[in-house]
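Enquirer:
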């Protein structure tokens, strides 16, 4: 007998929960919802951690069996309920679909989190007591995620991780425009797929924040794709429909406060792409020496001090108590490394370490 009981543990405005809801709607499946209030830390309750030891949403429970990780949940639904299909049959096209899912998981998800937190959720955390904030920081199990969380709380939109996020979206939208220029309505030539579903909630968040036009200006194929995506009934049922008018207005106001700064950071990223002056690799080498970073990947350039001893302000910069100004001394270098690492692979170089496009804070 086919298993039918589906329960989704979720937070309504979570982009990861949204893509699972879109998939459920596209499949025409019925499910029960269990809301997990992230601001009351319900994701860290003993009951929820039994379902999802990572303390993340969403979790799908299918006939009593929990499935975690939103991308894997969507693929599970495709396998368990293959009609209508949301993945191409051709193995090469299926691999292309998964590359887009990988790009969302490894870049855009964290990117939209940094932008959203700096624009909206940071203010809510400011109203917490110091003990409550430290508890929230400690509850983030992944050290790299904790670094991003603490940096974005400390510096808001001026966190180098926000620069990283803006650069990640710049790269993704450039790739999306290129993929669509062949004339396909959707990311894959075969039609609407999990590639579109995984990307859509991240784009929706930028749209609700009023920031999307920063990237879609001059990209007509991307804008047309987005208009088609948000016109689907599944988008209305899973993303726009569940949002209250207050939530929509709050996102609009929050995005307006950071619009100018995000646009400026994006302009700096584009300038980096155009500059192509020599010295990129040498700058990274010098920074690794100067900031005490490892010989490995730039992503590993992050402070190692214990939680609560000193704030994690930026990748590769260990900041003593009250040392925000110390981090600002490394502003140009941090922006060069963070943005350049996302956009480039050796062909992308900063114009100059002190140039406007290299400012971090």
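In the working numbering, the protein residues as written are 1 to 361.
Glycine included, each C-beta is placed from N, C-alpha and C at the ideal position.
Every value quoted in this text rests on a predicted model; they were computed, and no experiment measured them.
1. Is residue 170 closer than 8 Å to residue 270 when the C-beta atoms are compared?
2. I think residue 10 touches residue 57, with their Cβ atoms under 8 Å apart; what is that distance to the nearest whole Å?
3. Go ahead and label residue 6 buried or exposed: buried means 16 or more other beta carbons lie within 10 angstroms of its beta carbon, across all protein chains shown.
4. What are the boundary residues of the alpha helix (DSSP H) that includes residue 49?
5. What does a CB cutoff of less than 6 Å around residue 281 pick up in its chain, not counting 5 residues either side in sequence?
6. Is residue 166 near residue 262, with beta carbons less than 8 Å apart?
7. Which stretch, first to last residue, makes up the alpha helix (DSSP H) that contains residue 199?
8. Just verifying my parser: in three-state terms, what is the DSSP assignment at residue 36?
9. Using DSSP bridges, identify the partner residues of residue 83.
10. Among 163, 168, 118, 265, which has the Cα closest to the Cα of residue 106?
11. Going by beta carbon distance, what residues of the same chain come within less than 8 Å of residue 81, once the five residues before and after it are set aside?
12. Check whether the segment 90 to 100 touches the segment 184 to 202, taking contact to mean three or more Cβ pairs, one atom from each stretch, closer than 8 Å.
13. Got a sec, what are the start and stop residues for the alpha helix (DSSP H) residue 162 sits in?
14. For residue 209 versus residue 255, is the C-beta spacing smaller than 8 Å?
15. If you follow the alpha helix (DSSP H) that residue 10 is part of, which residue opens it and which one closes it?
16. Taking 8 Å as the cut-off, decide whether the C-beta atoms of residue 238 and residue 34 are in contact.
17. Going by C-alpha to C-alpha distance, which of 226, 162, 154, 153 sits closest to residue 185?
18. Answer yes if the segment 216 to 232 comes into contact with the segment 42 to 59, meaning at least three C-beta pairs across the two stretches below 8 Å, and no otherwise.
19. Which ranges would you report for the alpha helix (DSSP H) in the segment 88 to 112 if only whole runs of at least 4 residues count?
20. Is the separation between the beta-carbon of residue 174 and that of residue 187 shorter than 8 Å?
21. To which residues of the same chain is residue 161 closer than 7 Å at the C-beta, ignoring the five residues directly before and after it?
22. Pop quiz: residue 78 and residue 86 are said to be a contact at Cβ under 8 Å. What is the actual Cβ separation, rounded to whole angstroms?
23. Contact check, residue 234 vs residue 25 under 8 Å by CB: the rounded distance?
24. DSSP on residue 248, reduced to helix/strand/coil?
25. For residue 143, which beta-bridge partners are listed by DSSP?
26. Can you tell me which of the three DSSP states residue 187 falls into?
27. Report yes if the CB atom of residue 205 is closer than 8 Å to the CB atom of residue 177, and no otherwise.
28. State buried or exposed for residue 120, treating a residue as buried only when at least 16 other CB atoms are found within 10 Å of its CB.
29. What residue range does the alpha helix (DSSP H) around residue 59 cover?
30. One question on the structure: do residue 365 and residue 70 come within less than 8 Å of each other, judged by their Cβ atoms?
31. Rounded to whole angstroms, what's the CA-CA distance from residue 54 to residue 43? Just pull it up for me.
32. Can you list, in chain order, the residues of its chain with a C-beta nearer than 6 Å to that of residue 380? Leave out the 5 residues immediately preceding and following it.
33. Taking its Cβ as the centre, do 16 or more other Cβ atoms sit within 10 Å of residue 83, making it buried, or is it exposed?
34. Judging by CA-CA distance, which residue of 125, 39, 213, 182 is the nearest neighbour of residue 155?
35. Using DSSP with H/G/I as helix, E/B as strand and the rest coil, what is residue 15?
36. What residue does the alpha helix (DSSP H) around residue 214 start on, and which one ends it?
Expert: In terms of the structure at hand:
1. In the chain shown, counting from the first residue as 1, residue 270 sits at position 270. In the chain shown, counting from the first residue as 1, residue 170 sits at position 170. Yes; because the gap between Cβ atoms is below 8 Å, this pair is in contact.
2. Stepping through the chain shown from its first residue, residue 10 is reached at position 10. Stepping through the chain shown from its first residue, residue 57 is reached at position 57. Sure, about 5 Å apart at Cβ, within 8 Å.
3. Start at 1 with the first residue of the chain shown, and residue 6 comes out as number 6. Buried, since its Cβ has 16 or more Cβ neighbours within 10 Å.
4. For the purposes of this step, residue 49 is identified with residue 49 of the chain shown, where counting begins at 1. First-last of the alpha helix (DSSP H) with residue 49: 46 to 51.
5. The count along the chain shown starts at 1 and reaches residue 281 at position 281. With a pLDDT of only 47 at residue 281, under 50, the local geometry of the prediction cannot be trusted, and the value read off the model is given with reservation. Result list for residue 281: empty, nothing under 6 Å.
6. Taking the chain shown and counting its residues from 1, the one referred to as residue 166 is at position 166. Taking the chain shown and counting its residues from 1, the one referred to as residue 262 is at position 262. In this structure, residue 262 lies closer than 8 Å to residue 166 by Cβ.
7. Here residue 199 is taken as the residue at index 199 of the chain shown, counted from 1. Per DSSP, residue 199 belongs to the alpha helix (DSSP H) from 194 to 208.
8. Sequence index remark: in the chain shown, residue 36 carries index 36 (1-based). Of the three classes helix, strand and coil, the one that applies to residue 36 here is coil, per DSSP.
9. As a first step, residue 83 must be located in the chain shown, where it is residue number 83. None; residue 83 has no bridge partner.
10. As a first step, residue 106 must be located in the chain shown, where it is residue number 106. The option with the nearest alpha carbon to residue 106 is 168.
11. Sequence index remark: in the chain shown, residue 81 carries index 81 (1-based). Within the same chain, residue 81 has close Cβ partners 27, 29.
12. yes
13. The residue you call residue 162 lines up with position 162 of the chain shown. Note, residue 162: alpha helix (DSSP H), 160 to 180.
14. Counting from one through the chain shown, the residue named residue 209 turns up at place 209. Counting from one through the chain shown, the residue named residue 255 turns up at place 255. Cβ distance < 8 Å, so residue 209 and residue 255 count as in contact.
15. Position 10 of the chain shown, counting from 1, holds the residue named residue 10. Here residue 10 belongs to no alpha helix (DSSP H); instead the beta strand (DSSP E) covers 6 to 10.
16. Sequence index remark: in the chain shown, residue 238 carries index 238 (1-based). Sequence index remark: in the chain shown, residue 34 carries index 34 (1-based). Their beta carbons are not under 8 Å apart, which means residue 238 does not touch residue 34 by this criterion.
17. Along the chain shown, read from residue 1 onward, the residue named residue 185 stands at position 185. Taking only the C-alpha atoms, the option nearest residue 185 is 226.
18. no
19. 91 to 103
20. Reading the chain shown from its first residue, position 174 is the one you call residue 174. Reading the chain shown from its first residue, position 187 is the one you call residue 187. Result no, Cβ atoms of residue 174 and residue 187 do not sit closer than 8 Å.
21. Counting from one through the chain shown, the residue named residue 161 turns up at place 161. Only 114, 148, 151, 152 meet the Cβ criterion.
22. For the purposes of this step, residue 78 is identified with residue 78 of the chain shown, where counting begins at 1. For the purposes of this step, residue 86 is identified with residue 86 of the chain shown, where counting begins at 1. Indeed, because the Cβ distance is near 5 Å, the residues count as touching under 8 Å.
23. What you label residue 234 is simply residue 234 of the chain shown in a count that begins at 1. What you label residue 25 is simply residue 25 of the chain shown in a count that begins at 1. Confirmed, Cβ separation roughly 4 Å.
24. Against the chain shown, residue 248 aligns to sequence position 248. If DSSP states are grouped into helix, strand and coil, residue 248 belongs with the helices.
25. Along the chain shown, read from residue 1 onward, the residue named residue 143 stands at position 143. Paired residues: none, contrary to the question.
26. Locating residue 187 in the chain shown gives position 187, where the first residue counts as 1. Residue 187 falls in the coil class under three-state DSSP.
27. Here residue 205 is taken as the residue at index 205 of the chain shown, counted from 1. Here residue 177 is taken as the residue at index 177 of the chain shown, counted from 1. No; because the gap between Cβ atoms is not below 8 Å, this pair is not in contact.
28. Here the question's residue 120 lines up with position 120 in the chain shown. So residue 120 ends up on the buried side.
29. By 1-based counting over the chain shown, the position of residue 59 is 59. Unbroken run through residue 59 is the beta strand (DSSP E), 59 to 62; no alpha helix (DSSP H).
30. Missing from the structure shown is residue 365; the chain here goes from 1 to 361 and no further.
31. For the purposes of this step, residue 54 is identified with residue 54 of the chain shown, where counting begins at 1. For the purposes of this step, residue 43 is identified with residue 43 of the chain shown, where counting begins at 1. Between residue 54 and residue 43, the C-alpha separation is close to 9 Å.
32. In the structure as shown, the chain begins at 1 and stops at 361. Residue 380 is therefore absent and cannot be evaluated.
33. Taking the chain shown and counting its residues from 1, the one referred to as residue 83 is at position 83. Exposed: under 16 other Cβ atoms inside 10 Å.
34. What you label residue 155 is simply residue 155 of the chain shown in a count that begins at 1. The shortest Cα separation from residue 155 among 125, 39, 213, 182 belongs to 125.
35. The residue given as residue 15 occupies position 15 in the chain shown. The answer is helix: DSSP assigns residue 15 an H, G or I state.
36. To locate residue 214, count along the chain shown from 1; it is residue 214. Start and end: 213 to 216.
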